[in-house]
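Under mature numbering (1 follows the signal peptide of the UniProt record, and there is no 0), residues -24 to -1, 1 to 608 are what the sequence shown spells out, in order.
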Amino acid sequence: MKLTSLTSALAAAALGISSFAAFADVPPPRDVPFEGTVQINVDATDVAHRIFRVHEVIPAQPGPLTLLYPQWLPGNHSPTGPIDKLAGLVVTANGKTLPWKRDTVNVYAFHVDVPAGASSVEVAFQFLSPQERNQGRVVMTPEMLNLQWNASSLYPAGYATKGITAKASVKFPAGWQFGSALEVASRDGDTVHFKPISYNSLVDSPIYAGKYFKRVDLDPGAKVPVHLNIVADAPKYLEITPEQLKVHRNLVQQMYKLYGARHYNHYDFLFSLSDKMSGNGLEHHRSSENGVGTGYFTEWDKNVLDRDLLPHEFNHSWDGKYRRGADLTTPSFNVPMEDSLLWVYEGQTQFWGFVMAARSGLWSEVQTRDALAEVAARYDRGRPGLASWRNLQDTTNDPIIAQRAPLPYRNYQASEDYYSGGQMIWLDVDAKLRDLSRGKHSIDDFAKAFFGMNDGDWSVNTYVFEDVVKTLNDIQPYDWSSYLRTRLDGHGPLIGGVEAHGWKLVYDDKPSDMVKAVEARRHSADLTYSIGLSIGKSGAIGDVLWDSPAFKAGISPGMTVVAVNNREYDADALKDAVTAAAKDKNQPVELLVKNFDEYKTVRIDYHGGLKYPHLVRDDSKPDTLGKLLKAR
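Next comes the structure, spelled out in structure tokens:
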């Protein structure tokens, strides 16, 4: 409940409070131009302490002024602005320090009184970036940094952020190079001054910079350039083979063939190859932040899991940044977002991330099918919560509910399933379009009609649910509204698109190469579809499938497996025990587990053997999945 000034005073008096600290109002954003230019200067040279030092000059009139730190972050879909990392805030005007007061209702707002005769205020603070990953994403190391403007600036309340002009500069460590969608105005030694841009677009234009840097042209000779800007822990990780370069260039061309338009005047992939700086995947209109481990190029065969990241984030330039759900499109970074259409924004992008990995050659068709089998199994047997108490539509609230914090029993919570569950819905839509039109139409037609208009426009083009339905109906008449709402609001299976494309989901005791890659990357054993648990390094149990044999035996996440059938735990021993129990119905899988400081023996009465998902052909139907994944 929001209190008015009078209500606040009355409430304070009733409670016997002499000074009611909460401010009643933060000026709402108005769609009017902001007079003047906000100057933002960041010193990013203190890599030893991992500190960004910020200095701003903000035009202001005498009287009350509210400064805002961005709270609701695009791409995060949630109020996750890292306000806890802001420190050392000092506000001055005419050479004198001004007292400031944090709003106790809205802790992202700072109130100051601008003195008579002042035409601006100066703001200085530090962004104390995480020292360890348990404090947040590490964004600065001795070799590289990731500067996000939402973390390194305050802006004046009362204006739509698209109407605020900002002029930014960054001082980098000596000799470092950088990549960004921002355009350079001038350089002064290691300080780079960027051209003025709207504050909206500034926040949408982060920077990756590093000691070891390579810029790769992904569309040579194009009028609208696309570059891959790579920073790495060491020079050796920057080496790219001709074959690797080719498939990344293919990605750009396949995306253009899909959409027929682009919504940027240039595009920059920002790509970190690091075991120090945290991984990342965050979309922007003219760039994207992408972070993986060091061996993306140099250990190509071991890093197949990472290869749908660039297709996913690139696709967001069309889906999410250009076309955006109306309830997700807000006038400033401190107005709450609503996430109801994330099953389009993220779900269809997850779908195209897989498809474009295949069409470009980043994944083979077999690798793509193996990845799809993993997703399909999740919505066949691995999400009991969606079958019982929760629907996919409700998971679009998860960025606000959980803000990506680790959850117990995620399979039962069904956290953020609008990604992969949405992906399965769009796979189903593609099959339905093909069936209804007798092969004349597919989801490619929807992509071009819904996202591929107005070439060169990089504003925001909003939509609502009815626009999605209308576009589908324009392509192929059908009751698309009921079709989608049944899948979004119901509790039925979401794997119909697999069968409709001419494939079957089956389980056997042989893990696919994709499963092996997952297990190798995470040092884990995935026994979700057999005894019902996933187990990590050193026997730590990650998740336990709700009502699975392991669950019924009393095993829970957080326990550690110490021994299997009276022998020291290792993943192979556990798999051998599951296999042995399938041959001897009287032999349970016996685990010695540690729970806090207690040890106990748990016997899992399961005799079905190892179970891993695969897609196999259904020869009674045409293979339209192959057509979907084929390069254009």
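All C-beta atoms, glycine included, are put in the ideal place defined by N, C-alpha and C.
Expected contact under 8 Å - CB spacing of residue i and residue j to nearest Å
| i | j | result |
| --- | --- | --- |
| residue 250 | residue 209 | 5 Å |
| residue 239 | residue 433 | 6 Å |
| residue 431 | residue 237 | 4 Å |
| residue 174 | residue 140 | 7 Å |
| residue 307 | residue 136 | 4 Å |
| residue 51 | residue 259 | 5 Å |
| residue 481 | residue 504 | With 8 Å as the limit, residue 481 and residue 504 do not qualify as a contact, their Cβ atoms being about 14 Å apart. |
| residue 206 | residue 247 | 5 Å |
| residue 183 | residue 104 | Going by Cβ atoms, the distance from residue 183 to residue 104 rounds to 18 Å, so no, they are not a contact pair. |
Classification of residue i by the beta-carbon crowding that lies within 10 angstroms, buried from 16 upward
| i | result |
| --- | --- |
| residue 241 | exposed |
| residue 590 | buried |
| residue -4 | With a pLDDT of 44 at residue -4, under the threshold of 50, the modelled position of that residue is not reliable, and no figure is offered here. |
| residue 288 | buried |
| residue 609 | Lying outside -24 to 608, the shown extent of the chain, residue 609 is not represented and no answer is given. |
| residue 387 | buried |
| residue 686 | Only positions -24 to 608 of the chain appear in the structure, and residue 686 is not among them; the question remains open. |
| residue 544 | exposed |
| residue 284 | buried |
| residue 608 | exposed |
| residue 110 | exposed |
| residue 416 | exposed |
| residue 310 | buried |
| residue 342 | exposed |
Selection from the options that minimises the alpha carbon distance to residue i
| i | options | result |
| --- | --- | --- |
| residue 275 | 252, 214, 376, 224 | 214 |
| residue 584 | 599, 433, 552, 516 | 552 |
| residue 303 | 129, 498, 46, 441 | 441 |
| residue 108 | 156, 32, 25, 145 | 25 |
| residue 320 | 65, 32, 499, 443 | 443 |
| residue 1 | 289, 267, 78 | 78 |
| residue 227 | 518, 521, 400, 291 | 291 |
| residue 377 | 221, 522, 315 | 315 |
| residue 27 | 117, 80, 38 | 117 |
| residue 507 | 527, 411, 273 | 527 |
| residue 134 | 522, 40, 159, 51 | 40 |
| residue 180 | 469, 148, 380, 46 | 46 |
| residue 606 | 344, 74, 246 | 344 |
| residue 286 | 278, 298, 339 | 339 |
| residue 282 | 502, 576, 329 | 329 |
| residue 189 | 458, 167, 156 | 156 |
Which of helix, strand or coil DSSP assigns to residue i
| i | result |
| --- | --- |
| residue 39 | strand |
| residue 575 | strand |
| residue 124 | coil |
| residue 414 | coil |
| residue 594 | coil |
| residue 217 | coil |
| residue 348 | helix |
| residue 203 | strand |
| residue 585 | coil |
| residue 436 | coil |
| residue 87 | strand |
| residue 187 | coil |
| residue 80 | coil |
| residue 268 | strand |
| residue 473 | helix |
| residue 140 | coil |
Pair within 8 Å by beta-carbon distance, residue i and residue j
| i | j | result |
| --- | --- | --- |
| residue 478 | residue 561 | no |
| residue 152 | residue 127 | no |
| residue 64 | residue 102 | yes |
| residue 565 | residue 538 | no |
| residue 194 | residue 224 | yes |
| residue 399 | residue 474 | no |
| residue 517 | residue 530 | no |
| residue 412 | residue 393 | no |
| residue 231 | residue 347 | no |
| residue 464 | residue 317 | no |
| residue 70 | residue 91 | yes |
| residue 159 | residue 148 | no |
| residue 484 | residue 525 | no |
| residue 322 | residue 235 | no |
| residue 119 | residue 212 | no |
| residue 11 | residue 130 | no |
| residue 586 | residue 540 | no |
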